[in-house]
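Here the structure comes first, spelled out in structure tokens, and everything after it is commentary.
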Amino acid sequence: MTNKADKKSFYTTPIYYVNAKPHLGHAYTTLSVDVAARYSRMCGNETYFLTGTDEHGDKIVEAAEKQGKTPREYTDEISQLFQNLWPTLNVSNNDFIRTTNLDHIKVVEHLLTRIYDAGEIYFSEYEGIYCFGCERFYQERELVDGKCPDHGTEPQKIKEANYFFAMSKYQDWLIDHIKQNPDFIRPERYRNEILSFLKEPLEDLCISRPKSRLTWGITLPFDDNYVTYVWFDALTNYISALGFPDGEKFNRLWCGAEHFVAKDIIKPHGIYWPTMLKAAGIDLYQHLNVHGFWNVGGSKMSKSIGNVTDPAEVTAVYGVDPFRYFLMREMVFGLDANFTEDAIVQRINSDLANDLGNVFSRILAMNHRYFKGQVPAVVETIEEQKGLSLRVAADEAIQGFQQAMNDNAFHKGLISIWEFIAILNKYIDTTAPWVVAKDEARKDELATILYNLVESLRVVSSLIYPVMPETSVKMQQILGMTHPHGREYPTMNEIIPWNQIAVGTKMEKPRSLFPRVDSHKSAAPSSPAEKKDVTKAISASKAQHPAPSALPSTGEKKPANNEPLKPEIAFDDFTKIDLRVGTILAAEKIKKSNKLLKLSVDLGEESHRQIVAGIAKSYDSDQLIGKQVVVVANLKPAKLMGETSQGMILAANDGKELFLSGFTAPLPAGSPVK
RNA sequence: GGCGAUGUAGCUCAGUUGGUUAGAGCAUGCGGCUCAUAUCCGCAGAGUCCGGGGUUCAAGUCCCUGCAUCGCUACCA
23 MTNKADKKSF YTTPIYYVNA KPHLGHAYTT LSVDVAARYS RMCGNETYFL
73 TGTDEHGDKI VEAAEKQGKT PREYTDEISQ LFQNLWPTLN VSNNDFIRTT
123 NLDHIKVVEH LLTRIYDAGE IYFSEYEGIY CFGCERFYQE RELVDGKCPD
173 HGTEPQKIKE ANYFFAMSKY QDWLIDHIKQ NPDFIRPERY RNEILSFLKE
223 PLEDLCISRP KSRLTWGITL PFDDNYVTYV WFDALTNYIS ALGFPDGEKF
273 NRLWCGAEHF VAKDIIKPHG IYWPTMLKAA GIDLYQHLNV HGFWNVGGSK
323 MSKSIGNVTD PAEVTAVYGV DPFRYFLMRE MVFGLDANFT EDAIVQRINS
373 DLANDLGNVF SRILAMNHRY FKGQVPAVVE TIEEQKGLSL RVAADEAIQG
423 FQQAMNDNAF HKGLISIWEF IAILNKYIDT TAPWVVAKDE ARKDELATIL
473 YNLVESLRVV SSLIYPVMPE TSVKMQQILG MTHPHGREYP TMNEIIPWNQ
523 IAVGTKMEKP RSLFPRVDSH KSAAPSSPAE KKDVTKAISA SKAQHPAPSA
573 LPSTGEKKPA NNEPLKPEIA FDDFTKIDLR VGTILAAEKI KKSNKLLKLS
623 VDLGEESHRQ IVAGIAKSYD SDQLIGKQVV VVANLKPAKL MGETSQGMIL
673 AANDGKELFL SGFTAPLPAG SPVK
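The first sequence runs 23 to 696 under my numbering.
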């Protein structure tokens, strides 16, 4: 396998939305890019690695206000959390971009102007049914008897104007491009997903928000009254960081662009972004590399379950390289995987301590014992005669590794190395150097064996570099390896030739690379194992709520509990609401509905009320019978899925799961609540 | 409800275009070695490849259907 010299590679993570601190998902995306980028450097490619933070939008303003901060202060703070994490994880990014940087803003303006001038952005009013009470548009089907379900008033047809990007006209071109370039989006499952999206007619993309509704954003260069909405802001980071349009970096590197994203944001990256580039007359990126989600302890990461895993914590407990190894070994790039503390401990003990660490230790120990730590010379006649060369096995390992890495199959790359380690262990067992050493006449044979083993360690220590840079460097140092230009890694081409370690090289005494870990070494308070039971107690064997994507994203994310406070009301307003204690007498699921339960509730009145509640995902009907809840008793009745609802049940919402209110003692039905 | 994905050994998962007795790691049991981080090597047990039907000389693999789980989406008073 040859490595093209002079190839340029530009690797990117999505820019992470600063509405929450970094978690396992962010860490994986960034680390998979780091592994790819380090490998790319080993292939001799000029490699540029970009990550950053996405900082505009309404949600940010709300979150900042809640903390009594300006958006700028708030975003500075969260962005810093990301910037601090990456060095801890040994991430080798060359740049960190923030969408609030002036340089970025200028490029966004430039790009918008360019596409606007090309006539690909148009201004359009669209008509919708708007309820002024709710300050929102409704779909026809959402109305109850043609009226606003909230206010019972007739909504108005109004027009709002916005700017649109003429994306639809690129649909056929995009389909064609994806079909012509089978690995444009990879792995294949995500390519298929995008193609199936594209079977439906594509709509034009709304790219603006009036300033009356959104201020924390980039003003449209052709209309002061609007800011650009998410896409042209966030996606543009990939070229603004390179100094588009005239930047020297852009000209040199953009042709090698490799985007890495989690599966939740393939639409903007696989559809919007290529069409935007096309409209602006910019070449497309090389590949969109899509990976899956990390579950934790068997469930989706979510705040309500309490299993959101902090990469810094895991690293503090187990170390950077074990963490990196685990993520890369355990997840098949593209598919989902599961994170548990038991699994990481098992990987550390069996793969790192028993296999890699131990083989390193036993080879070096023998070399010190029999040759005083100096690399002995191979005697070729004996090597050939006894079939002692490990060259072929090493070649196969290197080849398998390269093939896998070129394909983002990081786990396979590691498997390839570990198969080689297994061969080394077997080789040691078969050749039994400790037996050979007893016979002075077999000194040459012993030397040949140990040379082959040390040489194999050279290969292993080099190949693990992208995934475990720290350990790789440590091993190489102990082995006495150095590289041109003070590089801390050898290139692939430098790894391949056999018989490289110079005879007589002095090696250090072996050090324990990975101590074995006690399986109960659980320091992290977010230990998934512990949280599991809590989870069960809360949700009572119900299927978990889907957490809103807990993974990196360009930005339309909704924070779980950052809802801004509503405007102040007078006490009189509050007293208009009649809250009562209701006893649930019966509950059944409404057919064709996922979330709705039809409840029969006793409010102490002559007849029982029928109330429809959207809590089916959090509660089974059985567990509700007899439960006492707070009911809004004077709410105007409404119709849902064909069922009348005469009231509303109060429940807390943490963003994922709903929790009914309750009382510390049984009460008569209908008791007032104030 | 619509769209999509997944279901293979006790556990976590590989299984390319259908082709011998279905694989790996971990776990379990037995045996061996002592250079090594009580590590390593060998052997063994174990699977209705979710159920049912179909195509085929041949199905884990293709088609239909059912079930289960998960994701997106709609209803969320």
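We treat Cβ as the ideally placed atom computed from N, Cα and C, and that holds for glycine.
Boundaries of the alpha helix (DSSP H) in which residue i is found, first to last residue
i	result
Glu-492	491–501
Ala-426	413–428
Pro-455	455–458
Ser-478	465–485
Thr-403	402–408
Per-residue burial, residue i [other beta carbons within 10 Å of its own, 16 or more giving buried]
i	result
His-507	exposed
Ile-137	buried
Ser-561	Caution is warranted here: a pLDDT of 25 is assigned to Ser-561, below 50, making its placement in the model unreliable, and the coordinate value is therefore given only provisionally. With 16 or more Cβ atoms within 10 Å of its Cβ, Ser-561 is classed as buried.
Ser-146	exposed
Gly-141	exposed
Trp-195	exposed
Leu-242	buried
Ile-439	buried
Pro-688	exposed
Phe-685	exposed
Val-556	Since pLDDT at Val-556 reaches only 26, below the 50 mark, its modelled position is unreliable, and the value read off the structure follows with that caveat. Val-556 is exposed by the Cβ-count criterion.
Asn-41	buried
Lys-696	exposed
Ala-545	For Ala-545, the pLDDT reaches just 37, beneath the cut-off of 50, and the residue's location in the model is therefore unreliable, although a value from the coordinates is still provided. Counting Cβ neighbours within 10 Å, Ala-545 comes out exposed, since fewer than 16 surround it.
Ala-183	exposed
Gln-421	exposed
Arg-533	exposed
Glu-467	buried
Leu-410	buried
Ser-563	At Ser-563, the pLDDT of 24 sits below 50, so the modelled position is not reliable; the number obtained from the coordinates is stated separately. So Ser-563 ends up on the exposed side.
Gly-714	With the chain running from 23 to 696 in the structure shown, residue 714 is simply not present.
Val-318	buried
Ala-86	buried
Pro-537	exposed
Asp-286	buried
Tyr-39	buried
Spatial neighbours of residue i in its chain, beta-carbon cut-off 8 Å, leaving aside the 5 residues before and after
i	result
Phe-272	Ile-261, Leu-264, Gly-265 and Phe-266
Leu-412	Ile-445, Leu-446, Tyr-449, Asn-474, Leu-475, Glu-477 and Ser-478
Ile-293	Met-189, Leu-196, Ile-216, Phe-219, Leu-220 and Leu-224
Thr-51	Thr-35, Pro-36, Phe-282, Val-283, Ala-284, His-313, Leu-573 and Pro-574
Ile-599	Val-654 and Asn-656
Distance between beta carbons of residue j and residue i, contact taken as under 8 Å
i	j	result
Ile-366	Phe-348	5 Å
Thr-34	Leu-72	5 Å
Ser-683	Val-634	That pair is no contact at about 18 Å.
Ala-419	Glu-441	7 Å
Asp-358	Gly-328	That belief does not hold up - the Cβ atoms of Asp-358 and Gly-328 are roughly 20 Å apart, past 8 Å.
Leu-436	Lys-496	So it is not a contact: roughly 18 Å between Cβ atoms.
Asp-268	Thr-121	Contact doesn't hold; Cβ gap of about 21 Å is too wide.
Ile-82	Pro-93	6 Å
Residue range of the beta strand (DSSP E) that includes residue i
i	result
His-281	279–284
Ile-366	Ile-366 -> not in any beta strand (DSSP E); alpha helix (DSSP H) instead, spanning 363–369.
Arg-63	First-last for Arg-63: 46–64, but that is the alpha helix (DSSP H), not the beta strand (DSSP E).
Phe-685	No beta strand (DSSP E) contains Phe-685, which DSSP labels as neither H nor E.
Own chain residues within Cβ distance below 7 Å of residue i, not counting five before or after
i	result
Glu-492	Asn-112, Val-342 and Asp-343
Thr-250	Val-130, Leu-134, Ile-229, Ser-230, Gly-239, Ile-240 and Leu-242
Ala-431	Phe-355
Ala-443	The residue you asked about is not Ala; residue 443 is Ile in the sequence shown. Here the set comprises Asp-377, Leu-378, Val-381 and Val-482.
Ser-693	Arg-602 and Val-603
Arg-63	Thr-69
Gly-320	Asn-360
Asn-115	Phe-71, Leu-72, Thr-73 and Trp-108
Gln-308	Gly-278, Ala-279 and Glu-280
Gly-626	Pro-690, Ala-691 and Gly-692
Contact set for residue i: own chain, Cβ-Cβ below 6 Å, skip 5 residues either direction
i	result
Glu-210	none
Asp-80	Leu-236
Pro-488	Val-57, Arg-60 and Tyr-61
Val-652	Leu-601, Leu-672, Ser-683 and Val-695
request  = With a floor of 4 residues, list each alpha helix (DSSP H) that falls wholly inside the region 296–357, ordered by position along the chain.
outcome  = Considered as a whole, the region 296–357 harbours 333–340 and 342–352 as its complete alpha helix (DSSP H) runs of no fewer than 4 residues, in chain order.
query = In chain order, which beta strand (DSSP E) runs of at least 3 residues are fully inside the region 201–264?
reply = The qualifying runs are 230–232 and 245–250.
query = Which parts of the region 70–126 are runs of the alpha helix (DSSP H), unbroken and 4 residues or longer, counting only runs that do not cross its ends?
reply = Counting whole runs of 4 or more residues, the region 70–126 contains the alpha helix (DSSP H) stretches 80–88 and 93–110.
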